[in-house]
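Take the sequence shown: its letter number 29 is residue 42 in our numbering, and every next letter is one higher.
Reading through the structure tokens given below for one structure.
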Amino acid sequence: LMQLYVPLNFLGFIYATLRQSVVDLEGMFELLDESQEVTDRPDAAVLPAHLAAGVDAPELRFDDVVFGYQPERTILKGISFSVAPGHRTAVVGPTGAGKSTLSRLLFRFYDVESGSVSIDGLDVRCVTQASLRAAIGVVPQDTVLFNDTIRYNIAYGRIGASAEEVERAARLAQIHDFITALPDGYDTMVGERGLKLSGGEKQRVAIARTILKNPRVLILDEATSALDIHTEQEISTALRTVSAGRTTLVIAHRLATVVDADEIIVMQDGRIVERGNHRALLEAGGVYAAMWAAQADERAHREDLLF
Ligand code: ATP
């Protein structure tokens with residue numbers, strides 16, 4: 014029995030370590046070391062430092078991108094679009110269309126099969142992963158929290174941030190009032206062994222972290238779970254604040270967060286089927302207009318439930 018116990022115990026230790034370390038998309042990436050298939054080229058350039066913490070937001074470009082996780086199944090079938098410096102593009106479409114895959118390619122979890130993904134004209138395959146990831150902030154679908162105070166969980170965005178900086182970020186992320194209403198305020202323990210936060214609250218913690226990190230490029234992978242109307246609005250406001258002056262790609266599941274995007278890309282089965290701003294797409298009366306009508310019905314139903 015002892016022979017079994019030791020490996021099982023060891024597995025338990027690994028599991029616990031994994032659970033604790035998986036903090037967000039970026040942490041998870043380092044941990045699982047998916048970089049086995051994606052490595053720095055010997056001549057990889059360093060993205061200019063101003064992209065990591067400066068004032069200039071870069072242009073993002075997907076140029077005829079073809080990609081599949083397995084060679085026999087193509088997920089992206091020739092995707093081309095660009096996001097102008099400081100602009101916000103939202104990607105919408107049915108589940109499985111390939112929306113989140115775009116963000117994984119931008120962060121270079123994987124390399125494209127053909128075509129290219131570039132930041133300010135630099136192909137992401139030609140820059141160091143460290144400088145790429147310093148320049149991009151990711152607000153993932155589901156943020157895993159440390160078993161620690163909510164203050165620590167926000168400050169993790171920039172180790173060494175002062176209490177004032179943490180509070181400012183929390184205000185901008187629309188989570189400050191929620192925190193101060195807790196009995197222990199910023200010292201409240203959260204995570205598995207502390208206060209459990211809802212999906213919307215966790216996403217706002219992630220937005221506060223990103224405000225502290227202050228990257229020039231932002232990826233928001235919206236949570237799929239349905240949120241109440243009030244939370245949805247708070248997240249939209251937080252997102253508008255955090256994306257100001259940054260080049261932003263929103264992978265959207267709810268249309269409330271895309272209405273004021275500079276451009277909306279509608280994807281279906283790995284292709285772009287429509288693009289334009291909210292008004293133009295409604296007028297076009299196509300796929301987006303149909304999605305909007307369907308979600309409007311759903312919103313009306315949820316509002317009915319509220320009152
Ligand atoms: P959703 O709205 O449900 O989040 P999505 O449009 O973001 O969907 P993606 O996550 O980009 O869709 O996935 C596109 C396709 O790629 C799906 O069919 C999915 O099953 C497949 N896929 C995603 N990740 C992997 C992976 N790691 N390995 C293999 N296939 C994957």
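Built from N, CA and C at the ideal position, the CB exists for glycine as well.
If you draw a straight line from the Cα of Asp56 to the Cα of Cys139, it is about 8 Å long. Separation of the CB atoms of Ile167 and Ala221 is rounded to 5 Å, and the pair is thereby assigned contact status at 8 Å. The beta carbons of Gln187 and Thr250 sit about 6 Å from each other, so the pair counts as a contact at 8 Å. Residue Ser256 holds the alpha-carbon nearest to the alpha-carbon of Asn227 among Ala265, Ala309, Ser256 and Val272.
Assignment of Asp190 by DSSP, reduced to helix, strand and coil, places it in the helix class. Nearest to Asp241 by C-alpha distance, out of Ala183, Val300, His314 and Leu195, is His314.
Relative to the ligand ATP, the beta carbon of Ile264 is positioned inside 7 Å of a heavy atom. Secondary structure at Asp124: coil, using DSSP grouped into helix, strand and coil.
Taking non-hydrogen atoms of the ligand ATP into account, the C-beta of Thr52 is found less than 7 Å away from none of them. Its chain contains Phe75, Asp76 and Asp77 as the residues whose beta carbon lies nearer than 7 Å to that of Ser93, once the 5 sequence neighbours on both sides are disregarded; these appear in chain order. Your pair Val96 and Glu72 checks out as a contact, with CB atoms roughly 7 Å apart and the cut at 8 Å. In chain order, the residues positioned with their C-beta nearer than 5 Å to some heavy atom of the ligand ATP are Tyr82, Ile88, Thr108, Gly109, Ala110, Gly111, Lys112, Ser113 and Thr114.
For the pair Glu311 and Leu268, the Cα-to-Cα distance works out to about 11 Å.
Shown here for Val59: same chain residues with a beta carbon closer than 6 Å to its own, the five before and five after excluded, namely Thr141 and Ser144 in chain order. Per the coordinates, the alpha-carbon of Arg259 lies some 30 Å from the alpha-carbon of Gly198. For Gln216, the enclosing alpha helix (DSSP H) stretches over residues Gly212 to Lys226.
Note that the stretch 117 to 132 does not touch the stretch 288 to 304; fewer than 3 beta-carbon pairs, one per stretch, sit closer than 8 Å.
For Asp69, the closest alpha carbon among the candidates Gly99, Arg54, Glu85 and Leu89 is that of Gly99. Using a Cβ distance threshold of 8 Å, Thr102 and Ala219 do not count as a contacting pair.
Remark: C-beta atoms of Ile285 and Ile277 do not approach each other more closely than 8 Å.
By the C-beta criterion, the stretch 79 to 89 is judged not to be in contact with the stretch 149 to 160, since fewer than 3 inter-stretch pairs fall below 8 Å.
Across the set Asp136, Gly91, Arg146 and Gln154, the C-alpha of Gln154 shows the shortest separation from the C-alpha of Ser113. Out of Tyr169, Val137, Val104 and Ser131, the CA that lies nearest to the CA of Val51 is found in Val137. It is roughly 10 Å from the alpha-carbon of Ile163 to the alpha-carbon of Leu210. Around the beta carbon of Asp234, 16 or more other beta carbons lie within 10 angstroms, which makes this residue buried.
Checking the DSSP bridge columns, you'll see Ser131 partnered with Arg74 and Asp136.
Within the stretch 143 to 172, the complete beta strand (DSSP E) runs of at least 3 residues fall at 149 to 152.
In the DSSP assignment, Leu262 falls outside any alpha helix (DSSP H) and within the unbroken beta strand (DSSP E) covering Thr260 to Ile264.
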